[in-house]
Amino acid sequence: MTGRTPRPAPPRPRLRARRPRRERIWPTLPPLLRLLILTQLAFNVGFFAVLPFLAEHLGGALGMAGWLVGLVLGLRTFSQQGLFVVGGVLTDRHGVRPVVLTGCALRIAGFGWLGYAERTWSVLGAVLLIGFAAALFSPAVESETARQAVHWERAGHGPRTRVLALFTVAGQAGAFTGPLLGALLLAADFRTACLAGAGVFVLVLAGHLRLLPRHIPGRTRAPVRGGAGAVLRNRRFLALCGAYGAYLLSYNQLYLALPAEVARATGSQAPLAWLFALSSLLVVLAQLPVTRWAGERLDLRRSLAAGLLLVAAGFAAVAAARPAGWTGAGGLVPAAGFVVLLTLGQMLVVPAARAWVPDLAEDGRLGLYTGALSSLSGLLVLLGSSATGALLDGGLPPAVPWLALAAVPLLALCALPRRPERPGGGPDAAAAR
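Everything in the sequence shown is counted per our numbering, starting at 11 for the first residue and increasing by one.
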């Protein structure tokens, strides 16, 4: 023996773990899911080619007062959001195909009517028809996409959230493309933009007549009965509707307050398309990372509160800059800041509100409560839009209307329920989570 201590063998180099290969989603989707996702894209292209420019058309070309413009936009939102429950019930009773086809036909008629509407009653009829059309086809497409995503998950392709995220991105891509198309068409006139939007829905209608199945396997007709009284007695759910309605009223200012600010700063509506594109692009790029970040650090109530604070900060940013009276490219900076903060708030508010509903709903009535969230919130938008239009058109000091709008989401914080989850949530809540 030499008495030497043997040297330990040098450590082997650690091999970096190979990341599992991510399966591409689109090739794994069945034809029906692909159709539904492309439908969401087409819906938003046609819709956003027209709506962002409606307020300027009403106030400029048709000479409507500010309060009346606000009323028209509020009626459009209410006829869509307020009747979401109707679309959901009709889908449960009659299936996806007839509801989607009827909604597309009504949207074509509504856009054609709006392009030629010049009197107040005619404009009101057109926007009500446009909103009701969405109240039919949107719940049908969204509910069937969610149901098909569950089947896709059970087939072993991955979590259903990947499909639903793709559905969201498709919608935002349409919201990104639509205003750019509308800005180009406005070089002719507003009527041309309306007819082009109607043309998009003609293509959607023709595609669904050919491709959408008459009977979707696994779907049964299950009419929804009762439950309205339970909804109205659920104070925590009504509080959530109040907070979500305040957010929707704030979001509606993209179509009312923002166009007025852009026109003041630049004398043109052309930059509006780029601001809408900025909002949609932010959602496409940042929605999933923001949702993941919030899920790791915030409960549902705090996520909602943070989103409402961001929305209020957006209005406050414009209010702070408004007395300076900046114009030109510099005058668009506050408007761009408003769009960014409002969009970031949207990324926090919308997922948290939708995820909170199962914890507040009675077992077996998740669909009713989900539709009621949109309907009751849409009613608040209807009540608040006329007041907002009068506020913007009231000759007040420049910062006052924007400070008043900033107070709306701040007041909504007081309405938030105190606990993010109810004790002993039922099977609907557990399944949704």
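Built from N, CA and C at the ideal position, the CB exists for glycine as well.
As the structure is a computational prediction, the values presented were derived from the model and not from experiment.
Following the continuous alpha helix (DSSP H) through residue i, name the residue where it begins and the one where it ends.
i	result
residue 256	245 to 261
residue 90	76 to 91
residue 50	41 to 58
residue 63	Unbroken run through residue 63: none, as it is neither H nor E.
residue 320	310 to 331
residue 38	Looking at the DSSP string, residue 38 is not in any alpha helix (DSSP H), and its letter there is neither H nor E.
residue 407	First-last for residue 407: undefined, no H or E at that position.
residue 271	267 to 276
Which same chain residues, not among the five before or five after residue i, have their C-beta less than 7 Å away from its C-beta?
i	result
residue 67	200
residue 182	290, 293 and 294
residue 361	301
residue 331	344
residue 425	249, 252 and 253
residue 281	272 and 342
residue 408	332 and 333
residue 304	313 and 358
Please list, in chain order, all residues of the same chain as residue i whose beta carbon is under 6 Å from its beta carbon, the five residues on each side excluded.
i	result
residue 202	195
residue 125	201, 204 and 205
residue 74	68
residue 328	344, 348 and 412
residue 31	Any reading at residue 31 needs caution, since the residue's pLDDT is 44, under 50, leaving its predicted position unreliable; the model's value is listed next. Nothing listed; no residue qualifies.
residue 386	251
residue 58	185, 188 and 189
residue 263	none
residue 55	184, 187, 188 and 210
residue 381	94, 95 and 98
residue 297	357
residue 306	none
residue 38	167
Can you round the beta-carbon distance between residue i and residue j to whole angstroms, since I take them to be within the 8 Å contact cut?
i	j	result
residue 261	residue 318	About 11 Å; that fails the 8 Å criterion.
residue 179	residue 35	Their Cβ separation, rounded to whole angstroms, is 11 Å, which puts residue 179 and residue 35 out of contact at 8 Å.
residue 390	residue 259	6 Å
residue 192	residue 53	Between residue 53 and residue 192 the Cβ distance is about 15 Å, and since that is not below 8 Å, they are no contact.
residue 120	residue 143	6 Å
residue 267	residue 393	Not a contact, Cβ separation roughly 17 Å.
residue 150	residue 97	6 Å
residue 359	residue 383	Not quite, the Cβ-Cβ distance comes to about 12 Å (not below 8 Å), so this is no contact.
residue 86	residue 47	Rounded, the Cβ-Cβ distance is 25 Å, inconsistent with contact.
residue 396	residue 84	6 Å
residue 134	residue 82	6 Å
residue 320	residue 355	4 Å
residue 399	residue 92	So it is not a contact: roughly 18 Å between Cβ atoms.
residue 324	residue 370	The Cβ separation is near 28 Å, so there is no contact.
residue 146	residue 221	Their Cβ separation, rounded to whole angstroms, is 18 Å, which puts residue 146 and residue 221 out of contact at 8 Å.
residue 423	residue 315	6 Å
With DSSP as the reference, label residue i as helix, strand or coil.
i	result
residue 226	coil
residue 6	Absent from the model: residue 6. The displayed extent of the chain is 11 to 443, so no value can be given.
residue 102	helix
residue 166	coil
residue 216	helix
residue 198	coil
residue 204	helix
residue 144	helix
residue 361	helix
residue 436	Confidence is the limiting factor: at residue 436 the pLDDT is only 41, short of 50, which leaves the residue's position unreliable, though a coordinate-based value still follows. Residue 436 falls in the coil class under three-state DSSP.
residue 128	coil
residue 381	helix
residue 419	helix
residue 428	coil
residue 336	coil
residue 182	helix
residue 72	coil
residue 297	helix
residue 279	coil
For residue i, which residues from the same chain have a beta carbon less than 8 Å from its beta carbon, with the 5 sequence-adjacent residues on both sides left out?
i	result
residue 218	45, 49, 107, 110, 111 and 114
residue 417	322
residue 428	311
residue 128	72
residue 198	none
Residue i CB to nearest chain B CB: under 8 Å?
i	result
residue 112	Reference to chain B is not applicable here, since this structure consists of a single protein chain.
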